[in-house]
Each structure stands twice: as C-alpha cells, then as structure tokens.
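Novice: Residue numbers (my numbering), protein chains in the order written: chain L, 1 to 44; chain Z, 1 to 372.
Where a beta carbon is used, it is the ideal one built from N, C-alpha and C, also for glycine.
Handing you a structure now.
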Amino acid sequence: MWAEATRVASIGFAGVFAVLVLLMISVKIMSFFCRFIDKKGGKK
Amino acid sequence: MGFNVFHELLLKTGVIHLTVGHVFMWFVGFLFIFLAIKKDFEPLLLVPIGFSIFLVNMPIAPLTGPGELINLFFKYGLETEIVPCLIFLGIGALTDFGPMIANPKTLLLGASAQLGVYIAFFGSILFGFTLKEAASIGIIGGADGPTTIYLATALAPHMIGMVAIAAYSYMSMVPLIQPPIMKLLTTEKERKIRMKQLRPVTKTEKIVFPLVATVVICLLVPDAAPLMGLFMIGNLFKESKVVDRLLKTSQNELLNIVTIILGISVGATMKAEIFLKPQPIFIFILGLFAFAFSTVGGVLLAKIMNMFLKEKINPLIGSAGVSAVPMAARVSERIGAEADPKNHLLMHAMGPNVAGVIGTAVAAGMFLSLLK
Chain L
1 MWAEATRVAS IGFAGVFAVL VLLMISVKIM SFFCRFIDKK GGKK
Chain Z
1 MGFNVFHELL LKTGVIHLTV GHVFMWFVGF LFIFLAIKKD FEPLLLVPIG FSIFLVNMPI
61 APLTGPGELI NLFFKYGLET EIVPCLIFLG IGALTDFGPM IANPKTLLLG ASAQLGVYIA
121 FFGSILFGFT LKEAASIGII GGADGPTTIY LATALAPHMI GMVAIAAYSY MSMVPLIQPP
181 IMKLLTTEKE RKIRMKQLRP VTKTEKIVFP LVATVVICLL VPDAAPLMGL FMIGNLFKES
241 KVVDRLLKTS QNELLNIVTI ILGISVGATM KAEIFLKPQP IFIFILGLFA FAFSTVGGVL
301 LAKIMNMFLK EKINPLIGSA GVSAVPMAAR VSERIGAEAD PKNHLLMHAM GPNVAGVIGT
361 AVAAGMFLSL LK
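So, in structure tokens, the structure goes:
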C-alpha cells in the first residue's frame, strides 16, 4: 500500500510540475509569435 | 376503529420514523444556511447544499431512492460528471488568463501549491483510507470544488458529499486559514517586495492561449481533458468576442442551473446514517491539512524562485496558487497592503490563482490515470 502510495504521489506531483513547466514554455513561445504577428500586422 | 385510523395515519407520516440523527442533520443544514446568509460564506452553494441537507433528512420522503427526484439529479448530473464539467465551462467563461500570460512563471506557483494534495493523500492513508479515497480527500488541498467532485465521483462516489462540503467550507475560509501561514513563512521585508507592473497582453495571445493550453494539457494528461477542455472552450467564448450569446449563457444561466443541481445533489449525500460516523471528521481534519500545506507549497516556491530571479516576486502571491479564485488572490493583496499600503498585488496574484485551477485539474487527471 505505502509503496503504491509513494509511486502515485511521486509520479503525480512530478507530473503536475512537468505539465505546468511545459505549459509555461508553450505560453512564452506563443506570446513571442503572437506579438511578432501583431507587430507585423500593425506595420502593414 | 378510531385508534386504528390514527395509527395508520401516523405510520404514513415521517414523524414516527424521525431519529436524533435526522434532527442533528437539520442543525447541520441550518448551520450551512446561516453561514451563507449571515456570513456570506459561498452562498451560491451553501444555500442549496444546506437546504438539501434539511430535505433529505426528512424521514421516508421519496427523494433519494432509485428513480426519485434528487437521485435522478445525482445520477445524471454528478455520476455522469456532466455537472462539474459544465461548471468549468462557466468558470472558463469568467476567467481572465491575462496576468498569467503576462507572467508565465506564475504557473510554477500553481504547481507547487498542489503540495498539500499529496501530503493529505499520505495523511489519509495513515488514517486508514484506501488509495482512491485518499486521492479524493487530498484533492481538497487544490481548493477547487468542481475538480474535487469530479475526482471523487470517479474514485470514491460514496464520499462525494463529505469531500465536497469540506472543500467548499475551506474555500470559504481562505481569508481565515491562509494569512497566519503566509505571515509565518515570510519576513516583513519580503512582504514589502514590489513587483513590476504586468505588461499588456494582446487579444491574439488571449485567443490563442486556450488552444495552446488544450493541446499541452490534453496531450500530456488525457484524463484531465473533460475538465480542461470545457474550461478552455468557455475561455475561448470570452476572448473571441464573437459569441456573445454563448458567453452570456455560459457565465449566467448555464452556470446557475448546474450550480443549483450540484448544490442539491451534494447536500443530498449528507444523510444522517452516512454523515454521523467518524469518517467525516477525519476528512475535515485532513482537508484542513491539505489546504494549509498547499499554501505553504506556494509561498515556499516563491521564496526559492527569488534566489534565482533578478526581478524578485513577492512570496505572498505564492499562496494564491491554491485555486480559490479570486479569494486567494484578494488575501495576497490584503496581506501585502498590511505591510505596505501602496503595494498592490492583486493582479500579480491572479496569475498563480488561475494557474492553480489548471494545476488542480492536472493533479486530478494524474490521480485518475494512476488509480482508475
């Protein structure tokens, strides 16, 4: 039981962090491209 | 003859079936209604929950048996997980991700504030709960009612009422629970840290965000897709600015209807024969632990991040990583203003606050994928 609980908790918490870190990176990339496109659109 | 008629009449009423447990539960129901009306504690939920507790503790009333009214609400609304997901649609339609997009680092605070979920998970096992029950109790630490109900429905349906009520009770008590922990973990100097004003977020970023977030989250944690998918659809309604009718329905009528069904269904699980056992007391204690440690997780990660960041963040915004939106962010603002009245943290705290909603849904998705 405790071994299974430790497995669930460690994978779970690491998973939450991994997903949110990847989301953070994705948001940074998304912002870069969106602002780039908006700037180009503004110039035209 | 007269006595027989009276006796038969009496048997048809609930009076003869009334127990001390039923009356006790009436007081519990009354307490919820009192807290909602007099103290303004989550009134939209506690009023229907409180009244439903009253109602289902009327002996022999045909309400919760197979095919009866509240049983049907529960069966088609909660057991199918439709209601928590539709609530997420409404919340998505009300959420502004701007502060989080402007400062994506705050997503990390939303992750660290799930610490309490896992601490309470271990604590629950210590109290003798099964893994699935422990996960349903631990998720209270995420401070997100619909996610708590969503997970409990899938893993421990017999505990929905208890965990939902613990979650909503603690969410309404955020202004009481969090401040002492925040003050304990931060110095006066840290509480005075001023953060740079957030940059403006473009409309394009706000429109693209729900699509990006759906791809990232649903690909990595497919079990979080029902919650996150509807959360992001709701947000796209808001940011696209072209589906005003759908937006208004999501924010108002739909959200209100599902809130009524949710409140009545959750309250209906609080029958005397189920509630008056030691289990709910343990759940309330563990829920408090979960909530407290989630606050600790958020504040501590903010302090750790400050060791590496050039532009320091005020660690008080870390506590807003628990999802209770926007109450947790308001608490950060209030405690920050106590240290420096000219320091406004509300918008900075909204970033971790909405990140916390995502973090809790992801944590629930991880539990589902590992335990279902």
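Can a CB atom of chain Z be found closer than 7 Å to the CB of L:K28?
Specialist: Counting from one through the first sequence, the residue named residue 28 of chain L turns up at place 28. By this cut-off, L:K28 is an interface position.
Novice: Can you look up Z:G128 in the DSSP assignment and give me helix, strand or coil?
Specialist: As a working mapping, residue 128 of chain Z is identified with position 128 in the second sequence. Note: Z:G128 maps to coil in three-state DSSP.
Novice: Tell me, please, whether the CB atom of Z:T204 is closer than 7 Å to any CB atom in chain L?
Specialist: As a working mapping, residue 204 of chain Z is identified with position 204 in the second sequence. Chain L contact via Cβ: present.
Novice: Give the residues of chain Z in contact with L:G12, contact being defined as C-beta atoms less than 7 Å apart.
Specialist: Start at 1 with the first residue of the first sequence, and residue 12 of chain L comes out as number 12. Those within 7 Å of L:G12 in chain Z are Y118, A363, M366, F367, L370.
Novice: So what's Z:A213 in DSSP terms, helix, strand or just coil?
Specialist: Within the second sequence, numbered from 1, the residue matching residue 213 of chain Z stands at position 213. If DSSP states are grouped into helix, strand and coil, Z:A213 belongs with the helices.
Novice: What alpha helix (DSSP H) runs, 4 residues minimum, are completely inside the region 89-134 of chain Z?
Specialist: 98-102, 106-112, 115-126
Novice: Suppose you measure from the CA of L:L20 to the CA of Z:V322; what does that come to, to the nearest Å?
Specialist: Position 20 of the first sequence, counted from the first residue, corresponds to residue 20 of chain L. Position 322 of the second sequence, counted from the first residue, corresponds to residue 322 of chain Z. Approximately 14 Å, taken between the alpha carbons.
Novice: Among the residues of its own chain, which have a CB less than 6 Å from the CB of Z:A134, if the five just before and after it don't count?
Specialist: Within the second sequence, residue 134 of chain Z is the residue found at index 134, counting from 1. So the qualifying residues of the chain are F121, S124, I125.
Novice: For the region 84-111 of chain Z, which residues have a CB atom closer than 8 Å to at least one CB atom of chain L, in sequence order?
Specialist: M100, I101, P104, K105, L107, L108, G110, A111
Novice: With 16 as the cutoff for other CB atoms within 10 Å, does Z:M307 come out buried or exposed?
Specialist: In the second sequence, the residue the question calls residue 307 of chain Z occupies position 307. Z:M307 is exposed by the Cβ-count criterion.
Novice: Just the Cα atoms here: how many angstroms apart are Z:I137 and L:K28?
Specialist: Taking the second sequence and counting its residues from 1, one reaches residue 137 of chain Z at position 137. Taking the first sequence and counting its residues from 1, one reaches residue 28 of chain L at position 28. Going by the C-alpha atoms only, they are around 34 Å apart.
Novice: Relative to chain C, which residues along the region 153-182 of chain Z have a C-beta separation below 8 Å, given in chain order?
Specialist: The structure shown contains no chain C; its protein chains are L and Z.
Novice: Taking the alpha helix (DSSP H) that Z:R330 falls in, what are its first and last residues?
Specialist: Within the second sequence, numbered from 1, the residue matching residue 330 of chain Z stands at position 330. Here the alpha helix (DSSP H) through Z:R330 covers 327-339.
Novice: Using a Cβ-Cβ cutoff of less than 6 Å, which residues in the same chain neighbour Z:L459 once the five nearest sequence positions on both sides are dropped?
Specialist: Outside the shown range of chain Z (1 to 372) lies residue 459 of chain Z, about which nothing can therefore be said.
Novice: Return the CA-CA distance between Z:T187 and Z:D223, expressed in angstroms with no decimal places.
Specialist: Here residue 187 of chain Z corresponds to residue number 187 of the second sequence, with the count starting at 1. Here residue 223 of chain Z corresponds to residue number 223 of the second sequence, with the count starting at 1. The alpha-carbon of Z:T187 is positioned some 40 Å away from that of Z:D223.
Novice: Flag Z:F34 as yes if its beta-carbon sits less than 7 Å from any beta-carbon of chain L, otherwise no.
Specialist: Against the second sequence, residue 34 of chain Z aligns to sequence position 34. For Z:F34, the closest Cβ of chain L is not nearer than 7 Å.
Novice: For Z:T106 versus Z:P352, is the C-beta spacing smaller than 7 Å?
Specialist: Position 106 of the second sequence holds residue 106 of chain Z. Position 352 of the second sequence holds residue 352 of chain Z. Between Z:T106 and Z:P352, the C-beta gap is smaller than 7 Å, which places the two residues in contact.
Novice: Thinking just about the alpha-carbon of each residue, which of Z:F291, Z:K303, Z:L184 is nearest to the one in Z:T148?
Specialist: For the purposes of this step, residue 148 of chain Z is taken as residue 148 along the second sequence, with counting starting at 1. The candidate whose alpha carbon is nearest that of Z:T148 is Z:F291.
Novice: CA-CA distance, Z:H344 and Z:K312?
Specialist: For the purposes of this step, residue 344 of chain Z is identified with residue 344 of the second sequence, where counting begins at 1. For the purposes of this step, residue 312 of chain Z is identified with residue 312 of the second sequence, where counting begins at 1. Distance between the alpha carbons of Z:H344 and Z:K312: 15 Å.
Novice: Is the region 327-341 of chain Z touching the region 170-185 of chain Z in the sense that three or more CB pairs, one from each, lie closer than 8 Å?
Specialist: yes
Novice: For Z:V296, decide whether its Cβ has a neighbour in chain L, counting only Cβ atoms nearer than 7 Å.
Specialist: On the second sequence, position 296 is the one that residue 296 of chain Z refers to. So, not an interface residue.
Novice: Which complete alpha helix (DSSP H) runs does the region 160-233 of chain Z hold, if anything under 4 residues is left out?
Specialist: 160-172, 174-185, 188-191, 203-220
Novice: For Z:A361 and Z:M25, I'd like the C-alpha separation in whole angstroms.
Specialist: Locating residue 361 of chain Z in the second sequence gives position 361, where the first residue counts as 1. Locating residue 25 of chain Z in the second sequence gives position 25, where the first residue counts as 1. Cα to Cα, Z:A361 sits roughly 32 Å from Z:M25.
Novice: For chain L, check one thing: does any of its Cβ atoms lie closer than 7 Å to the Cβ of Z:I125?
Specialist: Counted from its first residue, the second sequence places residue 125 of chain Z at position 125. Judged by the 7 Å Cβ criterion, Z:I125 is in contact with chain L.
Novice: For Z:M350 and Z:Q114, what's the separation of their Cα atoms in angstroms?
Specialist: The residue labelled residue 350 of chain Z in the question sits at position 350 within the second sequence. The residue labelled residue 114 of chain Z in the question sits at position 114 within the second sequence. Between Z:M350 and Z:Q114, the C-alpha separation is close to 16 Å.
Novice: Helix, strand or coil for Z:F275? Go by DSSP, reduced to three states.
Specialist: What you label residue 275 of chain Z is simply residue 275 of the second sequence in a count that begins at 1. DSSP places Z:F275 in helix when its eight states are reduced to three.
Novice: Using Cβ-Cβ distances below 9 Å, what residues of the region 46-58 of chain Z are close to chain L?
Specialist: none
Novice: Nearest chain Z C-beta to L:G68 closer than 7 Å, yes or no?
Specialist: There is no way to answer for residue 68 of chain L, as the model of chain L reaches only from 1 to 44.
Novice: Please report the distance separating the alpha-carbon of Z:K196 from that of Z:K189.
Specialist: As a working mapping, residue 196 of chain Z is identified with position 196 in the second sequence. As a working mapping, residue 189 of chain Z is identified with position 189 in the second sequence. Rounded to whole angstroms, the separation of the alpha carbons of Z:K189 and Z:K196 is 17 Å.
Novice: With H, G and I counted as helix, E and B as strand and the rest as coil, what does DSSP make of Z:E8?
Specialist: Taking the first residue of the second sequence as 1, we reach residue 8 of chain Z at position 8. Correct three-state label for Z:E8: helix.
Novice: Going by C-alpha distance, which of Z:G359, Z:L370, Z:K372 is nearest L:L23?
Specialist: One-based indexing of the first sequence puts residue 23 of chain L at position 23. The shortest C-alpha separation from L:L23 is found at Z:G359.
Novice: Helix or strand or just coil, what does DSSP make of Z:S323?
Specialist: Translated into the one-based positions of the second sequence, residue 323 of chain Z becomes position 323. Three-state DSSP puts Z:S323 in coil, outside helix and strand.
Novice: Does Z:G128 pass the burial test, meaning 16 or more other C-beta atoms within 10 Å, or should it be called exposed?
Specialist: Along the second sequence, read from residue 1 onward, the residue named residue 128 of chain Z stands at position 128. Exposed is the call here.
Novice: May I ask you to list, following chain order, the residues of the region 184-197 of chain Z that have a beta carbon less than 8 Å from some beta carbon of chain L?
Specialist: Within the region 184-197 of chain Z, no residue has a Cβ that lies closer than 8 Å to any Cβ of chain L.
Novice: Can you give the Cα-Cα distance for Z:I207 and Z:L86, rounded to whole angstroms?
Specialist: Within the second sequence, the letter at position 207 stands for residue 207 of chain Z. Within the second sequence, the letter at position 86 stands for residue 86 of chain Z. Our two residues, Z:I207 and Z:L86, have alpha carbons roughly 20 Å apart in a direct line.
Novice: Is there a Cβ from chain L that is less than 7 Å from the Cβ of Z:V212?
Specialist: Residue numbering aside, residue 212 of chain Z sits at position 212 when the second sequence is read from its first letter. Cβ-Cβ to chain L under 7 Å: yes for Z:V212.
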